[in-house]
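Below is one structure, written out as structure tokens; the observations come after it.
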Amino acid sequence: MLYKELCEIYEELEKNPSRLAKTTILSNFLKKLKHEKNKEIIYLIQGKAFPDYSEKEFGISEQLCIKALSKASGISSKEIVNKWRKIGDLGKVAEEVMTKKKQNTLFSHKLTTEKVLDNLKKLPELIGKGTVDKKMSLISELLTSSSGIEAKYIIRILLSDLRIGVASGTIRDAIVESCLEKNEENTKAVQESYDKANDLALVFEKACKGIGSLNETELIPGHPLKVMLALKAESIQDGFERVGKPAVFEYKYDGFRMLINKDEKGKVKIFTRRLDEVTKQFPDVVKYIEENIDAKTFILDSEAVGYDPKTKRYKPFQDISQRIRRKYDIEKLEKELPVEINVFDVLYYNGKSLLNEPFQKRTELLRKIIKNKKYRIQSSHQLITDDEKKAEEFYKQALKDNQEGVMIKNLTAPYKPGARVGYMLKLKPAENEFDLVITGAEYGTGKRAGTLSSFTLSCYDKANDKFLEIGKASTGLKEKEEEGLSYTELTNLLKHLITHETGREVIVKPKIVVRIIYQNIQRSPTYESGFALRFPRITHLRPDRTPKDVATLKEVIEEYKRMELKIEY
DNA sequence: ATTGTCTGCCCC
DNA sequence: ATTCTGC
DNA sequence: GCAGAATGGGCAGACAAT
5 MLYKELCEIY EELEKNPSRL AKTTILSNFL KKLKHEKNKE IIYLIQGKAF PDYSEKEFGI
65 SEQLCIKALS KASGISSKEI VNKWRKIGDL GKVAEEVMTK KKQNTLFSHK LTTEKVLDNL
125 KKLPELIGKG TVDKKMSLIS ELLTSSSGIE AKYIIRILLS DLRIGVASGT IRDAIVESCL
185 EKNEENTKAV QESYDKANDL ALVFEKACKG IGSLNETELI PGHPLKVMLA LKAESIQDGF
245 ERVGKPAVFE YKYDGFRMLI NKDEKGKVKI FTRRLDEVTK QFPDVVKYIE ENIDAKTFIL
305 DSEAVGYDPK TKRYKPFQDI SQRIRRKYDI EKLEKELPVE INVFDVLYYN GKSLLNEPFQ
365 KRTELLRKII KNKKYRIQSS HQLITDDEKK AEEFYKQALK DNQEGVMIKN LTAPYKPGAR
425 VGYMLKLKPA ENEFDLVITG AEYGTGKRAG TLSSFTLSCY DKANDKFLEI GKASTGLKEK
485 EEEGLSYTEL TNLLKHLITH ETGREVIVKP KIVVRIIYQN IQRSPTYESG FALRFPRITH
545 LRPDRTPKDV ATLKEVIEEY KRMELKIEY
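5 is the number of the first residue of the first sequence in our numbering; add one for each residue after it.
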């Protein structure tokens, strides 16, 4: 297929915001794709070159795209970045500079989807010295034989960000429309096939053959499965209203998600939330599984939490994050930063999928098959109740035990891989606040192109009469002026305070004070204050405060210590 | 050999 | 992770 | 209510530059 044809579809999708319209455009395209041999083109619709479960990486992002664009167009990197600041989309910058270039050179239009896929697939294979240059050639080859529009999408796909408003849900609906009769049963069949396969090209091929083929897709232990995600609850009462009574309450642990598999051959495999395999990084966990779970095959959903091996004190996420991508010194880390596995669901057991079984059944089974061993592996701490007071106590206990909060679950619900569902909720305590002064900012991208969109925050170091950076915030502001403090309003306030501009970043005079809410204070290697905020959000302006009225470094340190103490128990 | 920059459908 | 928005 | 698109801190690893 000509790449140009695909790009026309991208353009159509980008233009039409309605999901129904997108589905129609896509399904018409898929009807054509049915007759193509290479169904991998569907990966290009997803903005990638491999199926979801693949761990292959391009190793290319913004900086290298800027370099590649500069090379292919002959325009300096600095100028490319300037355009990027104004346009907010490296894809569109590519379109502009390559269109100009094309006016001067003759070129025959022959770029095919196969060629694009070919070059993209070569990127992850390159390793060692000289890699970057080789990658640059592969990209340049594509860019120089591209029209402006084609260049736009070459760049966007390299950034894994197509910006066409299409994700798996829309593609699922389009597959149904193009291959099957549009009804609930068929949609469910496609979704469930995708949940198990994590490969849309494969699902599309099956859908072409009919619902029978889709329903043959099996859940196989040892193959990655997407995890189910939770929505936020406002309170215990809100939780009960949304999941019903009685409800299941479980501790919400501050660690990382682990999908633990034991396959037909008895091999244990561990996957993260994003389907990366991390078995090698956690030999300790493999051992716990082998020793404490007596079953032939299974898939478990769990959270790994770190603790201090001496004091047995639970550690915050930041401390164990070293383990997740580790390749070297794994044995050493295993001893220094042990993890405890808290299992909260079982999705497959001894040859049978449990995805459609009610949660009550799954959680009861789970408690039968795990031999609880504290600091190694255990079923997550749980309370099933219809009593708000008891639930409230359980929640308080979770916080006292140094956990993030509780999960609230419906007893009858199935397990929906990859979905954020209303019958699994998370509840965390109210957050902390600081007033901080804005000392810098960065121009945004996409829908926030041309306005400042990320704001550098500083506290005040009274002793040295200096402002010290303590992090950035970008969320919490409104897109529309009428709704509250908006990006444009804040941009206008900061505009005439700008003292320096480099690329997309600006430095501003410390004048504008904002109220920030955050979840935690962490030690920081990147900010000059030595601290950073976890999950910072801007709520509103504090025009009544002068820059020197903001939180002082001393106050930040005190607050940090106060939080540390809470961890001690 | 050391330091700096960049990347990650990263983890949260 | 959090948040906002359009559908 | 959901999906999509913006963006946060911080980590290890890989490669380039010095």
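Note that the Cβ used here is the ideal one computed from N, Cα and C, for glycine as well. As the structure is a computational prediction, the values presented were derived from the model and not from experiment.
If you compare alpha carbons, which of the options is closest to residue i?
i       : options                            : result
Ala-536 : Lys-552, Leu-461, Gly-243          : Leu-461
Lys-3   : Arg-541, Cys-11, Thr-148           : It is not possible to answer for residue 3, since the shown part of the chain is limited to 5 through 573.
Glu-340 : Gln-401, Ser-357, Lys-515, Arg-317 : Arg-317
Asn-524 : Leu-569, Lys-515, Met-411          : Leu-569
Ile-345 : Lys-375, Arg-330, Lys-430          : Lys-375
Ala-237 : Lys-356, Lys-430, Lys-499          : Lys-430
Glu-18  : Lys-291, Gly-95, Val-282           : Gly-95
Leu-233 : Ala-423, Lys-105, Gly-51, Lys-377  : Ala-423
Ala-299 : Gly-507, Arg-371, Lys-230, Phe-275 : Arg-371
Asn-436 : Glu-392, Glu-473, Ser-478, Val-560 : Val-560
Arg-23  : Gly-448, Ala-178, Ala-417          : Ala-178
Glu-59  : His-504, Asn-219, Cys-11, Pro-128  : Pro-128
Asp-258 : Glu-222, Leu-10, Lys-432, Thr-550  : Lys-432
Asp-439 : Ala-417, Gly-448, Thr-543, Glu-487 : Thr-543
Glu-483 : Lys-499, Ala-453, Glu-9            : Ala-453
Is the beta carbon of residue i less than 9 angstroms from the beta carbon of residue j?
i       : j       : result
Phe-348 : Glu-294 : no
Ile-520 : Val-512 : no
Thr-135 : Asn-42  : no
Ile-334 : Lys-284 : yes
Leu-142 : Gly-63  : no
Lys-256 : Gln-407 : yes
Asn-296 : Ile-381 : yes
Glu-268 : Pro-225 : yes
Leu-204 : Ser-172 : yes
Ser-37  : Ile-29  : The sequence as given places Leu at residue 37; Ser does not occur at that position. Their beta carbons are not under 9 angstroms apart, which means Leu-37 does not touch Ile-29 by this criterion.
Arg-167 : Gly-450 : yes
Ser-383 : Glu-473 : no
Thr-174 : Thr-27  : yes
Met-262 : Val-282 : yes
In or out: residue i buried (at least 16 other Cβ within 10 Å) or exposed?
i       : result
Glu-572 : Because the pLDDT at Glu-572 is just 39, under 50, the model does not fix this residue reliably, and the point stays unresolved.
Ala-211 : buried
Pro-228 : buried
Asp-93  : buried
Lys-200 : buried
Glu-99  : buried
Phe-471 : buried
Pro-287 : exposed
Lys-319 : buried
Lys-105 : buried
Arg-277 : exposed
Gly-214 : exposed
Arg-160 : buried
Asp-305 : buried
Arg-366 : buried
Leaving out five residues before and five after residue i in sequence, what residues of the same chain have Cβ atoms less than 8 angstroms from its Cβ?
i       : result
Thr-556 : Cys-463, Tyr-464, Asp-465, Lys-466
Gln-195 : Arg-176
Asn-468 : none
Ile-373 : Ile-297, Asp-298, Ala-299, Phe-302, Val-350, Tyr-353
Tyr-47  : Ala-53, Phe-54, Pro-55, Leu-121, Leu-204, Ala-205
Glu-392 : Ile-240, Gln-241, Phe-244
Asn-202 : Pro-55, Asp-56, Tyr-57, His-227, Pro-228, Leu-229, Lys-230, Leu-279
Could you name the residues of the same chain whose beta carbon sits closer than 7 angstroms to that of residue i, not counting the 5 residues immediately before and after it, in chain order?
i       : result
Ser-144 : Ala-72, Lys-75, Ala-76
Val-247 : Ile-412, Lys-413, Asn-414, Tyr-427, Leu-429
Lys-125 : Ala-53
Phe-539 : Tyr-522, Gln-523
Val-410 : Phe-253, Glu-254, Tyr-255, Lys-256, Phe-398, Tyr-399, Ala-402, Leu-431
Check whether the Cβ of residue i sits closer than 8 angstroms to any heavy atom of the ligand NAD, and report yes or no.
i       : result
Glu-397 : Of ligands this structure carries none, so the ligand NAD is not represented either.
Below 6 angstroms CB to CB, which residues in the same chain sit around residue i once its five sequence neighbours on both sides are set aside?
i       : result
Ile-388 : Pro-250, Val-252
Ile-442 : Phe-459, Ile-516
Pro-342 : Pro-313
Ser-149 : Leu-115
Val-510 : Ala-445, Ile-502
Gln-526 : Gln-322, Ala-536, Arg-538
Tyr-14  : Tyr-157, Ile-168
Alpha helix (DSSP H) runs wholly inside the region 6-74, at least 4 long, in chain order: 7-19, 23-37, 45-50
In chain order, what are the residue ranges of uninterrupted alpha helix (DSSP H) at least 4 long that sit wholly in the region 160-223? List check, alpha helix (DSSP H) in window: 172-183, 188-201, 204-213, 215-219.
May I have a chain-ordered list of the beta strand (DSSP E) segments no shorter than 3 residues that lie completely inside the region 293-322? 302-310
Entirely enclosed alpha helix (DSSP H) segments - the region 354-407, minimum 4 residues: Taking 4 residues as the minimum length, the alpha helix (DSSP H) runs contained wholly in the region 354-407 are 363-373, 392-404, in order along the chain.
Start-end ranges of the beta strand (DSSP E) lying completely within the region 213-276, minimum 3 residues: 233-236, 251-256, 260-266, 272-275
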